[in-house]
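For reference, the structure discussed in these notes is given below.
Residue numbers (our numbering): 1144 to 1420.
Following this line, the structure appears as structure tokens:
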């Protein structure tokens, strides 16, 4: 066995430790001087290992979509052993399960007042009563009824699933769709954009929601120090509490910009809200 092509035919057998000793030695001698064959061997080794550790799983039918969804919810529960084994060797099914797990983590409903506790812990509502906090978060407009007249009792207030805005490079267009639940009192938005490192602690920044063709329907002003303190406490995103009463189905834009120059936004994302009118 001397030709390059013949040696490549033996690589799979070598990776699976099925090549005879003399042939293996000749192949190893060739590998020492051939980068192409070494790289090809690297692709065979994981496949050969998978065959040795349970290769029959590679040739079994893929689990159904409903089975993969159940596994994403339940994990390695009783009766899911075959699925777990299949996922060890099937990249496409593993990606599906991983996506559904992340979706469940992102969209799982928050317990009652968990969102308010989250916002308070982040320093976004510290030092203000809930009604005052909500009032500061509203865009300018005609007077509204008081919280006591329009909202359920505090024990009945609740937040819907967390809305996580997409990450984006400066100037990149992003979009996200969210279904409003009219039975919920609040919408919790997690924004991935922070303030510039060069911003002084006292500089103010405006997180804002604008309705398409109209003005702002909600905004919240925070100092650079507030945002940094929130993120330093372990949060990866800036969490904001928005009253559902401010929002109706339609097209919006979420913005982050310096308070003194709101048109110079450092982050923006299209936001499509669906639900009953």
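No residue lacks a Cβ here, since even glycine has one placed at the ideal position from N, Cα and C.
Bear in mind that the values here come from a model prediction, so they are computed numbers and not experimental data.
Bridge partner(s) assigned by DSSP for residue i
i	result
residue 1382	1333
residue 1401	1348
residue 1393	1416
residue 1320	1415
residue 1306	1332
residue 1354	1395
residue 1410	1399
Beta-carbon gap between residue i and residue j smaller than 8 Å
i	j	result
residue 1396	residue 1353	yes
residue 1418	residue 1323	yes
residue 1335	residue 1380	yes
residue 1319	residue 1408	no
residue 1392	residue 1346	no
residue 1410	residue 1398	yes
Exposure label - residue i; buried when at least 16 CB within 10 Å
i	result
residue 1205	exposed
residue 1153	buried
residue 1339	exposed
residue 1359	buried
residue 1404	exposed
residue 1386	buried
residue 1351	buried
residue 1179	exposed
DSSP three-state assignment for residue i, whether helix, strand or coil
i	result
residue 1338	coil
residue 1209	helix
residue 1162	coil
residue 1388	helix
residue 1237	helix
residue 1362	strand
residue 1327	coil
residue 1180	helix
residue 1427	Residue 1427 is absent from the model: the chain starts at 1144 and stops at 1420.
residue 1168	helix
residue 1185	helix
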